[in-house]
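Enquirer:
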Amino acid sequence: MAEGSQPGGTIANMDSTQAEVVPAVIPVAAEVENVPVPPQNANTGEKRKGGTAGKVFSKWWEHYNKLTVGDQLKAECKYCKKKLLGDPKQGTNHLKNHHERCPKVPRPADIRQQVLQGNLTKEKFQLTPFNFNQEASRKELAKAIIKHEYPLTIVDHEGFRSFCTSLNPCFKMVTRNTIKKDCFVIYDLEKQAIMKLLERNEGRVAITTDMWTSSQKKGFMAITAHYVNNNWSLESRIIRFIYVPSPHTSEVLCDVLLQCLLDWNLDYKLSAITAITALQMMR
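The opening residue of the sequence shown carries number 0 in numbering that gives the first Met the number 0; numbering runs sequentially from there.
#1: Output the distance between the C-alpha atoms of K95 and W60, rounded to the nearest integer angstrom.
#2: Restricting to Cα atoms, I'd like to know which of I206, S235, E234 and V243 is closest to F219.
#3: Taking the beta carbon of D181 as the centre, do at least 16 other beta carbons fall within 10 Å, making it buried, or is it exposed?
#4: Taking 8 angstroms as the cut-off, does the CB of K138 come closer than this to any heavy atom belonging to the ligand NAD?
#5: For H62 and C169, I'd like the C-alpha separation in whole angstroms.
#6: Please name the residue or residues paired with S235 in a DSSP beta bridge.
#7: Mapping DSSP to helix, strand and coil, what is W59?
#8: Could you pull the start and end residues of the alpha helix (DSSP H) that E198 belongs to?
#9: With a CB to CB cut of under 8 angstroms and the five nearest residues on each side skipped, what residues in its chain are close to P102?
#10: By how many angstroms is the C-alpha of E201 removed from the C-alpha of L265?
#11: With a 10 Å radius around its C-beta and 16 neighbouring C-beta atoms as the bar for buried, classify V204 as buried or exposed.
#12: Check for me: the beta strand (DSSP E) holding K82 runs from which residue to which?
#13: By the three-class DSSP mapping on this structure, what secondary structure does V255 have?
#14: Report the residue from K268, S245 and I272 whose alpha carbon sits nearest the alpha carbon of L256.
#15: How long is the line joining the alpha carbons of W263 and M194, rounded to whole angstroms?
#16: My guess is that L197 and Y226 are in contact by the Cβ rule of under 8 angstroms, so how many angstroms apart are they, rounded?
#17: Is it buried or exposed, L261, if we count other Cβ atoms within 10 angstroms and call 16 or more buried?
#18: Where R100 and D70 are concerned, what is the direct C-alpha to C-alpha distance, given to the nearest angstrom?
#19: Considering only the beta carbon of each residue, do L151 and R175 sit closer than 9 angstroms?
#20: Name the one or two DSSP bridge partners that G218 has.
#21: Between G85 and K65, how many whole angstroms is the CB-CB distance? I'm expecting something under 8 angstroms.
#22: Which residue wins for smallest C-alpha separation from S249, given the options R199, M210, S232 and N228?
#23: Note down the Cα distance separating S214 from I222, rounded to an integer number of angstroms.
#24: What residues match up with A271 in a beta bridge as DSSP calls it?
#25: Assuming Q89 is part of the alpha helix (DSSP H), what are its boundary residues?
#26: Going by DSSP in three states, E250 sits in which element: helix, strand or coil?
#27: On the criterion of 16 or more Cβ atoms from any shown chain inside 10 Å, does T212 qualify as buried, or is it exposed?
As structure tokens, this is what we get:
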């Protein structure tokens, strides 16, 4: 019986042990069962098109309006109104690239430490913060090419590119086609300014013409306007420098001159026309 009592005692001990362990395990299991499980279709922060499941709406569309031009879908920039491809099959990389380069997109102010530039005016030295402007730098480069007659290929020269990078690494050098367009933009602006100046001037305008031959044996006509401004000072402006194909007869030269005067609205304000190449004009 002593041996039989041992198993009974052992079972009793095991039962008592289990009785002590079970109450400690039950609350933990209850807490695990009460933990909420998120649904499979929970919102993960991605925007979807019209509630359609499975199609993620790119954040770049927030900056564009969807348009239908003919039978094509277009994406119109909300800032510069430029129209891009809007077909979903095209992706959104082109929308992202345009938004990052669009000059009319409002940008956050640069709060980093700024460079100070000194200005000496009327014996006074002033320090003002300097902000780099890519468009302004491009304009100054175009002005330098026009003023000093630099070739357009200067923007392709390795030494010139390295020099500009050493001045400001933020400046992105443009191509020769881009700088050519910038030069024409400056020409149009200067032309409009001179036209308004001549229009406001109360006096008449005298015109002189001259022919010039290049090293390639090509003929060019220079047309200059002379006038007295409202302060009684004589001023002169070259209003046209144009290639004139041969033969340089009087009819050809007169047609070129007349077209220039009509283009500048000076046909009704003329006082005199002087042709330095008068012998050719009379032939």
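Here a beta-carbon is modelled for each residue, glycine too, at the ideal position from N, C-alpha and C.
Expert: In this structure, then:
#1: 9 angstroms
#2: V243
#3: buried
#4: Of the ligands one can find in the structure shown there are none, so the ligand NAD has no counterpart to examine.
#5: 26 angstroms
#6: H225
#7: helix
#8: R175 to R199
#9: C79 and E134
#10: 13 angstroms
#11: buried
#12: K82 to L84
#13: helix
#14: I272
#15: 7 angstroms
#16: 7 angstroms
#17: exposed
#18: 28 angstroms
#19: yes
#20: T212
#21: 6 angstroms
#22: M210
#23: 20 angstroms
#24: A205
#25: Segment: none, Q89 is in no alpha helix (DSSP H) and carries neither H nor E.
#26: helix
#27: exposed
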